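So in the working numbering, the last one in the sequence shown is 464, and the numbering has no gaps at all. Positions of the beta carbon are idealized from the N, C-alpha and C atoms, including for glycine. Since this is a predicted model, take the numbers as computed values, not measurements.
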Amino acid sequence: MTKGRTVFMCQNCGHESPKWLGRCPECNQWNSYVERVLSPVATRPKAQAQELSQVSLEHSPRLVLPFSEFNRVLGGGIVPGSLVLIGGDPGIGKSTLLLQVAGMVAEGGGEVLYVSGEESVHQIRLRAERLGVLGAGLYILPEIALGNILECAQELLPRLMVIDSIQAVYAEGTASTAGSLSQVRECTVRLMQWAKSSGISILLIGHVTKDGTIAGPHVLEHIVDVVLYLEGERFSSYRLLRGVKNRFGSINEIGIFEMRDRGLVEVTNPSQAFLSQRAEDAIGSVIVPTLEGTRPLLVEIQALTSPSSFALPRRTANGVDFNRLLLIAAVLTRRAKMTLSNQDIIVNVVGGIKVSEPAADLGIALAIGSSLRGIRVNPSIVTIGEVGLSGELRAVSQLERRLAEAAKLGFKACLLPASARLGLPPFPQMELIPADSLSQALKIALA
Ligand code: TYD
Ligand code: MG
C-alpha cells in the first residue's frame, strides 16, 4: 500500500500546515494541530463529457413522507442519493425527529438503517415505543466505525440511512479522534461518495457546539447536498426546521413542529399557534405578518422599556437583529422625538421565532413606542413596513400574501407604508391604514 502524504490540520478552523504548529496562525488557537494522513488519490475511470441537451430528464422520484413540514423544507421530499445534514444544539430533538422519519419510511415499505453511535439499541427501542414507531423494516446498528457501517449498508441496501451522529463515527486510517475536524470531514466525504454511488439517501445528524471543541456542522456545509437546522428555545416547545442550503429546492423554507410527550408533531397553523397566548390588551405588543421563505407567518413582537440604572442604557434583542434594534431606537429618538437615552429596551419575538427581515421594523418601533408611552396598540390590527434612517417608511415585498394570512386569522386592519398601497389590487377583507412616516404611524397606532 502506498503511504499517504501527511499534513497537520487545526481542529478549530481547518487551517493546514506541512509541519506541526503550537499555535494556529489563522485562529490563534493553541495546541489545535493534529496529523492527518491524506489518502492517496485513487485512479478513477475517466468521465465522459455529455451535451447538456442530451442528458436525460428522467430521474427517480423523491421519497415523500407523511410529514409535510419535513417535505416542505426539503423542497418536496428526499432526493434519492442525497446527503442531508441536520444540525442543531444537543437535546433539541434531532434524534427524535429522525427516528420518527425513519419509522415513517419503514412503515411505507422501505427498509431503513438507523446507525446510532450515541445510544444503545435498548434506549432507541424505548424511545421508539414512546413515539409509536413500530419498527418493522427499521434496522438499528450500534456502530461507530465507518468501514463497518458502509459494509452493513452495502449488504442491506436500505431505502434510507440515518447516521446519529457524524461526531460519533470515525474513519479508519485517519489519525485523529472521532469528532475532530479531520474525522468529521473525512467521514462526510466518504458518506457522500457512497450515497452518490448507491443512490441511497443519507440523513446525517450533526451537533452544533458552542465552544468549538468538536467540529460542528458548519465545516460540512459545502460538502453535503442539503443543510437543515433544527432550532428552538430551550423552554419553548416549538421547533423550527430551517433550510440553509438545498441543491434540490429553495432555501429559507421553514417547517414548524411542537415537541410533545410523543415526539414532534406538525404545527399546521403556525400563526394561530404563536398568537394563542396573546393578552389582548398588552402594552408593547404588536403583530407583524412576516414571511419565512414562501410562507406567511404572523408573529408577536413585544417590547419593554424601563428606566435605566446605568449610564449607558441597555438594549436586548431576542429574535430580532441587535443592530436593527439599535437603528430603530436611534430613528425613534431623532425622528420621532422619543426619549430613549435613559431607557433600557428589551425586544422579544414570542415563541422562539427569529425575524430577520426589515419588514418587521415598523412593528418593533411601534412596540417600543407603545411600551414607552404606556398605550396599547389596537389588538385587531397588524403592521408591516421597513423604517429608513430619515424616519420614512418603505414598502415591503409580497404584501398580498401577508395580508391574506392576517385576514385569515381575523385581523381587521393593517397599518402600512403609504407607498405600499400603490399597485396593490383591492383587498376588501382588510382595512388598509396608510402612514407616510414613522411619526405618523406612531400617532395613528398610539392614539
Ligand atoms: P433528542 O432527540 O434526544 O435530542 P438530540 O438528538 O437533538 O440531542 O431529544 C431530547 C429531548 O427531547 C429530551 O430533552 C426529551 C425531549 N423529548 C420529548 O419531549 N418528547 C419525546 O417524545 C421525546 C422522544 C423526547
Ligand atoms: Mg441525539
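Asked                                                                                                                           : Found
DSSP beta-bridge partners of Met447                                                                                             : Per DSSP, none; premise fails for Met447.
Contact test: Met276 Cβ vs the ligand TYD heavy atom, cutoff 8 Å                                                                : yes
Beta carbon of Gly110 nearer than 9 Å to that of Gly260                                                                         : no
Assumed close pair Leu383, Leu459 - CB separation to whole angstroms, cut-off 8 Å                                               : 7 Å
Selected residue, minimal CA-CA separation from Thr400, among Leu321, Thr307, Val366                                            : Thr307
Whole beta strand (DSSP E) elements within the segment 368-419, 3-residue minimum                                               : 398-400
Contact check, Glu270 vs Arg89, beta carbons under 9 Å                                                                          : yes
The segment 232-247 contacting the segment 61-77, beta-carbon criterion three pairs below 8 Å                                   : no
DSSP three-state assignment for Cys204, whether helix, strand or coil                                                           : helix
Leu220 and Gly369 closer than 9 Å at C-beta                                                                                     : no
Segment limits, beta strand (DSSP E) that includes His235                                                                       : From DSSP, His235 is part of no beta strand (DSSP E); its letter is neither H nor E.
Pairwise C-alpha distance: Val372 and Leu163                                                                                    : 39 Å
Three or more C-beta pairs below 8 Å linking the segment 409-417 and the segment 431-439                                        : yes
Of the residues Gly134, Gly280, Ala145, the one placed nearest Gly196, counting alpha carbons only                              : Gly134
Any non-hydrogen atom of the ligand MG closer than 8 Å to Glu160 Cβ                                                             : no
Contacts around Gly2, its chain only, beta-carbon distance under 8 Å, and the 5 residues preceding and following it disregarded : The requested residue 2 does not occur in the structure, where the chain is confined to residues 18 to 464.
Beta-carbon proximity list for Gln200, same chain, < 6 Å, skipping 5 on both sides                                              : Tyr187, Thr191, Ser193
Best match in Ile362, Leu173, Ser323 for proximity to Phe339 [C-alpha to C-alpha]                                               : Ile362
First through last residue of the beta strand (DSSP E) which encompasses Arg259                                                 : 255-263
Residue span of the beta strand (DSSP E) that contains Phe25, given as start and end                                            : 23-27
Reference Cys41; option with closest CA among Ser215, Thr356, Arg202, Cys27                                                     : Cys27
beta-carbon Thr113 near the ligand TYD non-hydrogen atom, thresh 8 Å                                                            : yes
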